[in-house]
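Notes for the one structure printed next.
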Amino acid sequence: MDVIKLFKKLLESRSVTPEDGGIFNFLEGYLEGFTFVRIDREEVKNLFAYRRFGEGPHLCFAGHVDVVPPGEGWESDPFVATEKEGYIYARGAQDMKSGVAAFVQALKETRTFNGTLSVLLTSDEEGPAKYGTLEVLKYLQAHDMLPDAAIVAEPTCEERFGDAIKVGRRGSINGVIEKHGKQGHAAYPEKATNPIHKVAHVLPHIAGVDLDEGDEYFAPSKFVVTDIRAGMEVTNVTPGKLKLMFNIRNSTKTTMEDVENFVHRYFKEMNYTLKLDQSAKPFVTNADTRIVRTLDASIEKVTGIRPKHSTAGGTSDARFIADYGIDVIEFGVKNDTIHAPNERTSIDEVVKLCEVFSEVIRTY
């Protein structure tokens, strides 16, 4: 089986979160010479496979086999790998069964390596992500099996294959501000305290404001208001409470404490409460690390392109891997149809992605 046949087989497995669609059972028969560990939790399926070739470093390829529901608007069956004009259409074609197929085939074809090669796969990346990669990492730490470096094969390229890798990700801080007032009749505003009027004065100072200046890796951390609600949807009653929700995709220069201080600066004269939650922490892998240098050189050899280093986009399971002090980066096919109807990726990209991963294994 070549990488494209493997890719098509993975695409035709109905692995909507938290199901693996039978992929893990298949891989246990496909990756000869590897030792397999199943670390299933709740409804989530997790697979860790490793092969020790020598005494050298441990390099891990990580990702997920689960996909989001197909939704409507498809021109072909989303769980049939449909080939058309050099592209393959199916749910998960970009996110991220192309990456899984590429590194699995590269590992299958590897005969020598100065160390340990492994695969970390979950069926819960597109869902809550509570019982997936996190649980595998806990197991690996407990058994002294954490890798030295990892490549997550999420789709990262922008305009053409090879033009971008992710060397880090922004964090994500979620917040809810509740401003308390005094409900009243709209005809007697002097007898009430309208929280909408109070918050309106501070909105220009917080909405869309940069909390830091960013750096060579990160754009500035921006305070993004996502929802404001108050009142009873009537015109003659002023509300007694207002709720404002926000999100900050933060760089390493802005912390939860910084956000708390920023909010207090503008709300300190008001009766308010603040709830903060950090769903992801920012991280960056230095360009001088072995894995970044190796991947850069491998991409350039296969494609002729020197990739840019990016931290843009949302979050991925790489954030969990980085928390364990592992050098982690992301590289995969173009990212332009993920989660959309008629998700697709080109045959050429998948073939070249497998070649890049094979070159990384050869030269790491």
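First residue of the sequence shown? That's 1181 in our numbering, and the numbers climb one at a time after it.
Yeah, the Cβ is synthetic: ideal placement off N, Cα and C, and Gly gets one too.
- Boundaries of the beta strand (DSSP E) harbouring Y1452: 1452-1460, taken from the DSSP string.
- In this structure A1309 is not in contact with G1243, their Cβ atoms being roughly 13 Å apart against a cut-off of 8 Å.
- Counted as a single uninterrupted DSSP element, the beta strand (DSSP E) harbouring E1263 occupies residues 1262-1264.
- For the 8 Å CB-CB criterion, Q1274 and N1515 form a contact.
- Collapsing the DSSP output to three states places M1436 in a helix.
- For N1354, the uninterrupted beta strand (DSSP E) run begins and ends at 1352-1360, by DSSP.
- Of the residues assessed, T1292 falls on the exposed side of the cut-off, its CB having fewer than 16 other CB atoms within 10 angstroms.
- When rounded, the separation of the alpha-carbon atoms in D1390 and V1530 is 38 Å.
- A1387 has its alpha-carbon roughly 14 Å from the corresponding atom of K1423.
- Restricted to the segment 1386-1447, the alpha helix (DSSP H) segments that are unbroken, complete and at least 4 residues in length are 1436-1447, listed in chain order.
- Judged by DSSP secondary structure, L1317 falls outside any beta strand (DSSP E) and instead within the alpha helix (DSSP H) spanning 1313-1322.
- For D1304, the closest C-alpha among the options T1296, L1297, T1313, S1298 is that of T1313.
- Three or more beta-carbon pairs drawn from the segment 1341-1349 and the segment 1494-1513 are found closer than 8 Å, and the two stretches are therefore classed as touching.
- Counting other Cβ atoms within 10 Å of its Cβ, E1370 stays below 16 and is therefore classed as exposed.
- Between the segment 1409-1420 and the segment 1497-1512, the count of C-beta pairs closer than 8 Å stays below three; the two stretches do not touch.
- If you look at R1231, you'll find it isn't in any alpha helix (DSSP H); it sits in the beta strand (DSSP E) that goes 1226-1232.
- Just measuring C-alpha positions, the residue of C1240, T1432, F1187, Q1285 sitting nearest R1271 is F1187.
- Straight across, the Cα-Cα distance linking T1483 with I1518 is about 23 Å.
- Nearest to A1399 by alpha-carbon distance, out of H1489, A1261, S1431, is S1431.
- If you look at K1488, you'll find it in the beta strand (DSSP E) that goes 1488-1490.
- A distance below 7 Å between beta-carbons, with the five flanking residues on each side excluded, links F1426 to the following residues of its chain, in chain order: G1355, F1403, V1404, V1405, T1406.
- With contacts defined by Cβ atoms closer than 8 Å, R1470 and A1330 do not form a contacting pair.
- Between the beta-carbon of I1485 and that of D1343 there is about 6 Å, and that keeps the pair under the 8 Å contact cut.
- Under DSSP, C1534 shares a beta bridge with no residue.
- In this structure, the beta-carbon distance from P1258 to E1223 does not fall below 8 Å.
- Taken through DSSP and simplified to helix, strand or coil, F1214 comes out as coil.
- Y1446 is not a Cβ neighbour of V1536, given a cutoff of 8 Å.
- Residue environment: E1252 is assigned as exposed (fewer than 16 neighbouring CB atoms within 10 Å of its CB, all protein chains considered).
- K1288 is not a Cβ neighbour of L1191, given a cutoff of 8 Å.
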